[in-house]
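Residue numbers (the numbering used here): -2 to 137.
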């Protein structure tokens, strides 16, 4: 048994001297490190540029949308001018201007690019839910 370990050690040491063996051992770790690094940097640079700002004259309407979509909304932007500036600087994907009168709830999305399908679904769902609530209040 002792001779087996000696033969294994000698074979390993002989193989380590070749560059192909070193690359065979090191390359999976190198590829893993590169892919994790690229994923980290692309993920961290993209998080703020996918968020939107919500602007409304009615604070309760804005607060209700933010409550439903906390992860997708930047809370610190409250004016159209600030939102336009951050969209132009690629800090935000766009901004949503919500308004409501006694009969109708509307939302206008402004951006340099089109709205993502998930955000569009969220906005439409919120507007439909709010409109239904408003309709029920008007009928009562």
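We put the CB at the ideal spot given by N, CA and C, even for glycine.
Which of helix, strand or coil does DSSP assign to residue i?
i, result
"residue 99", "coil"
"residue 89", "coil"
"residue 52", "strand"
"residue 108", "strand"
Specify, as a first and last residue, the run of the beta strand (DSSP E) that residue i falls within.
i, result
"residue 60", "Careful: residue 60 lies outside any beta strand (DSSP E), inside the alpha helix (DSSP H) at 56 to 65."
Note the first and the last residue of the continuous alpha helix (DSSP H) segment covering residue i.
i, result
"residue 74", "Taken as a continuous stretch (DSSP letters only), residue 74 belongs to no alpha helix (DSSP H), as it is neither H nor E."
"residue 116", "114 to 136"
"residue 14", "That residue, residue 14, is in no alpha helix (DSSP H); it is neither H nor E in DSSP."
Assuming residue i contacts residue j under a Cβ cut-off of 8 Å, what Cβ separation, rounded to an integer in Å, is found between them?
i, j, result
"residue 63", "residue 93", "So it is not a contact: roughly 11 Å between Cβ atoms."
"residue 55", "residue 97", "6 Å"
"residue 91", "residue 119", "Wrong, their Cβ atoms sit about 13 Å apart, outside the cutoff."
"residue 30", "residue 52", "The pair is not a contact, with the Cβ atoms about 43 Å apart (cut-off 8 Å)."
"residue 89", "residue 74", "7 Å"
Open item on the list: Whether or not the segment 100 to 107 and the segment 119 to 127 are in contact is what I'm after, with contact meaning three or more pairs of Cβ atoms, one per stretch, closer than 8 Å; do they touch?
Closed with: Touching, yes.
Open item on the list: Tell me whether the segment 64 to 81 and the segment 110 to 120 touch, counting them as touching only if at least three CB pairs, one residue from each stretch, are closer than 8 Å.
Closed with: These segments touch.
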